[in-house]
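Undergrad: Below you will find the structure I want to go over with you.
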DNA sequence: GCATGTTTTGCCTGTTCATGCAAGAAACAG
DNA sequence: CTGTTTCTTGCATGAACAGGCAAAACATGC
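Chains as they are written, first to last, in the numbering used here: chain A, 2 to 253; chain B, 2 to 253.
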């Protein structure tokens with residue numbers, strides 16, 4: 002039984018069942034569970050599955066990848082950031098909200114009694130807002146990317162181009178004073194740029210681990226940030242840099 | 002039974018029924034109620050449901066109150082219809098799927114190992130398909146209507162106009178041989194008409210209570226229906242009428 | 001053939017995680 | 001108000017886990 006052979010069989014079962022159990026695979030392949038765990042670890046590293054306790058599941062289930070995988074990490078922090086971020090909202094405003102777990106937390110934190118117009122390309126944000134009776138929700142369609150949880154592409158850009166918003170809640174992947182706001186994906190960055198262009202101000206809420214990091218694709222310069230929502234424990238020196246670029250700092 | 006698996010099943014039942022009971026889940030999963038409560042707590046923390054005494058309810062019912070009321074109605078029937086309807090699918094096909102609880106059930110019933118391209122204006126359908134790795138998902142954006150759970154309007158129509166599909170799964174509000182397929186909402190009907198125009202064939206899955214009823218807005222004539230999926234208990238006379246108009250009948 | 005280095009695998013060790021149980025708190029019903 | 005159900009918290013146990021180590025299988029060079 003070749004290693005590669007096992008990998009293929011694991012992929013097959015994942016495609017069919019959506020999940021695999023480490024112990025079951027071990028007995029089926031006639032190898033130790035350690036070997037199976039190693040296989041799963043490698044496949045997970047290659048992004049072909051998502052490792053869970055006891056086995057693995059198919060990667061990027063919407064609510065699972067966007068919310069469990071990443072958000073298992075710092076749920077409380079993001080919830081706190083979200084609460085502080087919605088404090089910036091004024092009734093009657095129109096917003097762009099793009100993807101990311103922090104933005105989903107913000108969407109959930111939006112109170113039920115505030116009237117808003119929200120345009121989003123994130124299914125997570127959209128679904129969080131479906132039960133807000135006073136929120137007029139505009140879904141920005143396009144090609145859906147499971148890894149991002151958002152729609153991107155020409156259709157999305159065209160939809161954004163027809164809209165304008167007072168604020169843009171930008172889900173940031175990297176945030177650095179010198180390099181500005183950056184994203185990991187080209188198409189994603191494109192949509193963010195379009196939203197930034199058509200909005201009156203950018204709001205970014207980030208956990209500490211995003212501060213002073215950068216991703217390949219540039220979205221906007223640091224001077225474009227109007228409001229920056231950060232944790233109380235964020236390094237003051239970094240914050241001072243952003244402040245000198247015109248950003249208003251808000252602590253969660 | 003993986004923890005993640007239970008979470009997924011809970012999410013599924015919430016999407017289908019709008020609520021879950023802790024005790025019922027415990028016996029169904031074969032675990033203690035404490036474990037289920039822990040699951041529910043975690044999912045609630047991630048914003049995927051709202052915890053209530055005795056169980057949990059959907060936090061953001063894609064289908065608002067009106068829709069979730071209906072969805073509790075005939076869950077088993079709709080699941081059976083959905084299973085029969087997905088039997089019509091062929092790998093590589095492209096589909097339009099619009100809104101409605103039956104269509105959401107169909108989306109959930111789509112197997113994980115079939116390659117498809119799906120364009121939908123329903124957030125419920127879209128979110129059901131986000132964890133299908135082989136499904137290329139195109140979200141048709143626009144103004145979101147909570148009562149329908151779908152996007153409608155000029156933006157949606159424009160997006161539909163740029164696409165074509167082999168089949169159109171039409172969520173029907175009324176179905177009558179003389180009046181054809183009808184909808185309750187003008188904007189909704191408009192989108193359905195556009196999808197019908199750009200698709201190679203219409204598939205309709207309906208419970209008995211929709212048969213031989215009509216709503217104000219006309220979507221398509223009875224002769225436009227290629228496949229009609231119905232319950233075994235559907236009145237044969239009505240079915241014969243549709244059959245004479247060229248529809249192929251499939252029993253769930 | 002022999003020696004050497006690499007890869008794969010299984011086993012061991014300490015650690016982490018999921019689970020069920022028990023006890024007290026809170027919510028509900030009558 | 002009282003009893004019951006449900007919930008949270010803490011804790012103990014066993015399963016699953018990562019990392020280190022050594023043996024076996026394999027390839028490579030002399």
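Built from N, CA and C at the ideal position, the CB exists for glycine as well. Everything numeric in this text was worked out from a predicted model, so none of it was measured.
Would you mind telling me which residues of chain B sit closer than 7 Å to residue 109 of chain A, beta carbon to beta carbon, in chain order?
TA: Sequence index remark: in the first chain, residue 109 of chain A carries index 108 (1-based). In chain order, 48 make up the part of chain B whose C-beta sits under 7 Å from the C-beta of residue 109 of chain A.
Undergrad: Indicate whether residue 138 of chain A and residue 119 of chain A have their beta-carbon atoms separated by less than 8 Å.
TA: Start at 1 with the first residue of the first chain, and residue 138 of chain A comes out as number 137. Start at 1 with the first residue of the first chain, and residue 119 of chain A comes out as number 118. For residue 138 of chain A and residue 119 of chain A, yes; Cβs fall inside 8 Å.
Undergrad: What is the residue span of the alpha helix (DSSP H) that residue 22 of chain A lies within?
TA: The residue labelled residue 22 of chain A in the question sits at position 21 within the first chain. Segment 20 to 22 is the beta strand (DSSP E) holding residue 22 of chain A; no alpha helix (DSSP H) there.
Undergrad: Can you tell me where the alpha helix (DSSP H) holding residue 95 of chain A begins and where it ends?
TA: Counting from 1 along the first chain, the entry for residue 95 of chain A is found at position 94. That residue, residue 95 of chain A, is in no alpha helix (DSSP H); its beta strand (DSSP E) goes 95 to 98.
Undergrad: Can you name the residues that DSSP bridges to residue 136 of chain B?
TA: Within the second chain, the letter at position 135 stands for residue 136 of chain B. Answer by DSSP bridge pairing, in chain order: B:117.
Undergrad: Would a check of beta-carbon distances place residue 128 of chain A closer than 8 Å to chain B?
TA: Counting from 1 along the first chain, the entry for residue 128 of chain A is found at position 127. Closer than 8 Å: yes.
Undergrad: Assuming residue 183 of chain A contacts residue 215 of chain A under a Cβ cut-off of 8 Å, what Cβ separation, rounded to an integer in Å, is found between them?
TA: The sequence position of residue 183 of chain A within the first chain is 182, counting from 1. The sequence position of residue 215 of chain A within the first chain is 214, counting from 1. About 5 Å; that satisfies the 8 Å criterion.
Undergrad: Indicate whether at least one CB of chain A lies closer than 8 Å to the CB of residue 238 of chain B.
TA: Indexing the second chain from 1 puts residue 238 of chain B at position 237. Closer than 8 Å: no.
Undergrad: Since residue 200 of chain A contacts residue 97 of chain A with CB under 8 Å, what's their CB separation in whole angstroms?
TA: Locating residue 200 of chain A in the first chain gives position 199, counting from the first residue. Locating residue 97 of chain A in the first chain gives position 96, counting from the first residue. Indeed they touch by this definition, with Cβ atoms about 5 Å apart.
Undergrad: In terms of residues, what are the limits of the alpha helix (DSSP H) holding residue 243 of chain A?
TA: Position 242 of the first chain, counted from the first residue, corresponds to residue 243 of chain A. Bounds of the alpha helix (DSSP H) holding residue 243 of chain A are 237 to 245.
Undergrad: Give every residue of the same chain whose Cβ lies closer than 6 Å to the Cβ of residue 14 of chain B, excluding the five residues on either side of it in the sequence, and list them in chain order.
TA: By 1-based counting over the second chain, the position of residue 14 of chain B is 13. Contacts found: 21.
Undergrad: To the nearest angstrom, report how far apart residue 197 of chain B and residue 33 of chain A are at their CA atoms.
TA: The residue you call residue 197 of chain B lines up with position 196 of the second chain. The residue you call residue 33 of chain A lines up with position 32 of the first chain. Their backbone Cα atoms lie some 54 Å apart in a straight line.
Undergrad: Hey, does residue 103 of chain A have any beta-carbon neighbour from chain B nearer than 8 Å?
TA: Along the first chain, read from residue 1 onward, the residue named residue 103 of chain A stands at position 102. False, the Cβ-Cβ gap to chain B never drops below 8 Å.
Undergrad: Reducing DSSP to helix, strand and coil, say where residue 252 of chain B ends up.
TA: Position 251 of the second chain, counted from the first residue, corresponds to residue 252 of chain B. In this structure, residue 252 of chain B counts as strand in the three-state DSSP scheme.
Undergrad: Count the other CB atoms, across all protein chains shown, that sit within 10 Å of the CB of residue 35 of chain B; report buried if there are 16 or more and exposed otherwise.
TA: Translated into positions along the second chain, residue 35 of chain B becomes position 34. Its Cβ having fewer than 16 others within 10 Å, residue 35 of chain B is exposed.
Undergrad: Taking 8 Å as the threshold (beta carbon to beta carbon), is residue 21 of chain B in contact with chain A?
TA: Here residue 21 of chain B refers to the residue found at position 20 of the second chain. No, because no Cβ of chain A sits closer than 8 Å to the Cβ of residue 21 of chain B.
Undergrad: Expressed to the nearest angstrom, what Euclidean distance is found between the alpha-carbon atoms of residue 26 of chain B and residue 37 of chain B?
TA: The residue given as residue 26 of chain B occupies position 25 in the second chain. The residue given as residue 37 of chain B occupies position 36 in the second chain. Rounded to the nearest angstrom, the two C-alpha atoms are 7 Å apart.
Undergrad: Which class does residue 123 of chain B belong to by DSSP, given the choice of helix, strand or coil?
TA: Along the second chain, read from residue 1 onward, the residue named residue 123 of chain B stands at position 122. Three-state DSSP puts residue 123 of chain B in a strand.
Undergrad: Check the Cβ of residue 7 of chain B against every Cβ in chain A and list those closer than 7 Å, keeping chain order.
TA: Here residue 7 of chain B refers to the residue found at position 6 of the second chain. In chain order: nothing, as chain A lies at least about 11 Å away.
Undergrad: If contact means a Cβ-Cβ distance below 7 Å, which residues of the region 129 to 150 of chain A contact chain B?
TA: 129, 131, 132, 138, 139, 140, 141, 142, 143, 144, 145, 147
Undergrad: Put residue 212 of chain A into one of helix, strand or coil per three-state DSSP.
TA: Counting from one through the first chain, the residue named residue 212 of chain A turns up at place 211. Note: residue 212 of chain A maps to strand in three-state DSSP.
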